[in-house]
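Participant: Read in order, the letters of the sequence shown are residues 1040 to 1307 in the working numbering.
Glycine residues also receive a C-beta, built at the ideal position from the N, C-alpha and C atoms.
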Amino acid sequence: MKSFQHFVMAAALLIDPLCGIAQHTSPNTNKMAYPKTNKIDIADTYFGNTINDPYRWLEDDRSAETKAWVEAENKVTQNYLNRIPFRPAIKSRLETLWNYEKYTAPFKEGDYTYFYKNDGLQNQYVLYRQKDKTKPEVFLDPNTFSKDATTSLAGIEFTKDGSMAAYQISEGGSDWRKVIILNTNDHTLIGDTLTDVKFSGLAWKGNEGFYYSSYDKPTEGSQLSGLTQFHKLYFHSIGSSQKEDRLIFGGGQTPRRYIGAGLTEDER
């Protein structure tokens, strides 16, 4: 109970100055003019019930109409937010609270100890490694994956001896990911970059390859909205093309189940 009281007190101390800031004049919401959202005449029948779906056209996230609607909605939102007088003060306060070095727990891979670190206000944590008592070096910096910082490190797995790593990247927050294979000794890329991997872990089998999961390749333009069914498990051999990956399991009578793989310590 005492810890809960401390939490409430801390929350009150944080909220109090922000409330004081918020007492300034706020934008008048009555004057906001929202963009018109078109309705279409479309319906489906399920078990004898008619279900209207007038906004289905918005499910096509690649269409010019959807893009124009999103831009119009964003414009209204940004115009409103830009008129809030205490918004810069909140931003400044939050930056002050978050601006300190942050570390994750270290983990051992091969001869190196790895850890993630954020200097304070970096968009993404940087993966460092250190050998014995030498100075830590940057192993992977997701902040450099793309110019707009929208590509993130979505997972990484090392071989048992630490000589290779396979890491996933997510572009623009998408669940469809790429897998890049790296020689950890000299940072050179190994073989093809795997594409269209979704809801997957990576499980190495020695140094010969790894297991991963995915769905059939999505049709062009449907990566964000298309239906994904029949999760499958594949094995990728190092140095081979993704087209040659072996289907291990999946694609049967269970369209909505997830499939993954893991190996025991002796890799059986």
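Since Asn1091 is in the alpha helix (DSSP H), which residue starts that stretch and which ends it?
Facilitator: On the sequence shown, position 52 is the one that residue 1091 refers to. Premise fails: Asn1091 lies in the beta strand (DSSP E), 1088-1091, not in any alpha helix (DSSP H).
Participant: Taking the alpha-carbon positions, what's the Lys1114 to Pro1175 distance?
Facilitator: By 1-based counting over the sequence shown, the position of residue 1114 is 75. By 1-based counting over the sequence shown, the position of residue 1175 is 136. Cα to Cα, the separation comes out at about 44 Å.
Participant: Quick check on Pro1107: buried or exposed, where buried means 16 or more other Cβ atoms within 10 Å of its Cβ?
Facilitator: Taking the sequence shown and counting its residues from 1, one reaches residue 1107 at position 68. Note that residue 1107 is Ala in the sequence shown, not Pro. So Ala1107 ends up on the exposed side.
Participant: Please classify Ile1219 as buried or exposed, where buried requires at least 16 other C-beta atoms within 10 Å of its C-beta.
Facilitator: To locate residue 1219, count along the sequence shown from 1; it is residue 180. Counting Cβ neighbours within 10 Å, Ile1219 comes out buried, since at least 16 surround it.
Participant: Got a sec? Which residues, its chain only, sit under 6 Å from Tyr1153 by beta carbon, not counting five neighbours each side?
Facilitator: On the sequence shown, position 114 is the one that residue 1153 refers to. If we look at Tyr1153 and ignore the five residues flanking it on each side, its Cβ neighbours are Phe1146, Arg1168.
Participant: What does DSSP give as the partner residues of Phe1274 in its beta bridges?
Facilitator: To locate residue 1274, count along the sequence shown from 1; it is residue 235. In DSSP, Phe1274 forms a bridge with Tyr1250, Arg1285.
Participant: If I'm right that Ser1276 touches Glu1247 with Cβ under 8 Å, what's the distance once you round it to whole angstroms?
Facilitator: Walking along the sequence shown from the start, residue 1276 turns up at place 237. Walking along the sequence shown from the start, residue 1247 turns up at place 208. About 6 Å separates the two Cβ atoms, so the contact holds.
Participant: With 16 other CB atoms within 10 Å as the buried threshold, where does Asp1284 fall?
Facilitator: Taking the first residue of the sequence shown as 1, we reach residue 1284 at position 245. Asp1284 should be labelled buried.
Participant: So the alpha helix (DSSP H) Ser1131 belongs to, where does it begin and stop?
Facilitator: Here residue 1131 corresponds to residue number 92 of the sequence shown, with the count starting at 1. Its alpha helix (DSSP H) spans residues 1126-1137.
Participant: Could you give the uninterrupted runs of the beta strand (DSSP E) lying entirely in the segment 1190-1241, keeping only those of 3 residues or more?
Facilitator: Fully enclosed beta strand (DSSP E) runs of 3 or longer: 1190-1197, 1203-1210, 1215-1222, 1233-1237.
Participant: Jot down the residue ranges of each uninterrupted beta strand (DSSP E) in the segment 1163-1188, minimum 3 residues, whole runs only, in chain order.
Facilitator: Segments of the beta strand (DSSP E) lying fully in the segment 1163-1188: 1165-1169, 1176-1179.
Participant: Among the candidates Trp1215, Leu1228, Ser1280, Leu1302, whose CA atom is the shortest distance from the CA of Gly1270?
Facilitator: Walking along the sequence shown from the start, residue 1270 turns up at place 231. With the sequence shown as reference, residue 1270 is identified as His, and Gly is not the correct amino acid for it. Closest option to His1270, Cα to Cα, is Trp1215.
Participant: Can you tell me where the alpha helix (DSSP H) holding Tyr1155 begins and where it ends?
Facilitator: Reading the sequence shown from its first residue, position 116 is the one you call residue 1155. Note, Tyr1155: premise wrong, no alpha helix (DSSP H); beta strand (DSSP E) at 1151-1157.
Participant: On a Cα-Cα basis, can you pick out the residue from Lys1199, Arg1095, Ser1253 that is closest to Thr1303?
Facilitator: Counting from 1 along the sequence shown, the entry for residue 1303 is found at position 264. Taking only the C-alpha atoms, the option nearest Thr1303 is Lys1199.
Participant: Indicate whether Tyr1206 and Leu1179 have their beta-carbon atoms separated by less than 8 Å.
Facilitator: Here residue 1206 refers to the residue found at position 167 of the sequence shown. Here residue 1179 refers to the residue found at position 140 of the sequence shown. Yes, these two residues count as a Cβ contact at 8 Å.
Participant: Return helix, strand or coil for Ala1082, following the three-state DSSP convention.
Facilitator: In the sequence shown, residue 1082 corresponds to position 43, counting from 1. The answer is strand: DSSP assigns Ala1082 an E or B state.
Participant: So, helix, strand or coil for Lys1141, using DSSP?
Facilitator: The residue given as residue 1141 occupies position 102 in the sequence shown. Reduced to three states, the DSSP call for Lys1141 is strand.
Participant: Can you name the residues that DSSP bridges to Lys1256?
Facilitator: Along the sequence shown, one-based indexing puts residue 1256 at 217. BP columns for Lys1256 are empty, so no partner.
Participant: Going by DSSP in three states, Lys1147 sits in which element: helix, strand or coil?
Facilitator: Residue numbering aside, residue 1147 sits at position 108 when the sequence shown is read from its first letter. The answer is strand: DSSP assigns Lys1147 an E or B state.
Participant: List the DSSP bridge partners of Trp1243.
Facilitator: As a first step, residue 1243 is located in the sequence shown; it is residue number 204 there, counting from the start. Paired residue(s): Phe1249.
Participant: From the DSSP output, in three-state form, read off Lys1106 for me.
Facilitator: Along the sequence shown, read from residue 1 onward, the residue named residue 1106 stands at position 67. Correct three-state label for Lys1106: helix.
Participant: How long is the line joining the alpha carbons of Glu1196 and Thr1076, rounded to whole angstroms?
Facilitator: Counting from one through the sequence shown, the residue named residue 1196 turns up at place 157. Counting from one through the sequence shown, the residue named residue 1076 turns up at place 37. Cα to Cα, Glu1196 sits roughly 45 Å from Thr1076.
Participant: Grouping DSSP H, G and I as helix and E and B as strand, with all else coil, what is Ile1060?
Facilitator: For the purposes of this step, residue 1060 is taken as residue 21 along the sequence shown, with counting starting at 1. Since pLDDT at Ile1060 reaches only 49, below the 50 mark, its modelled position is unreliable, and the value read off the structure follows with that caveat. DSSP places Ile1060 in helix when its eight states are reduced to three.
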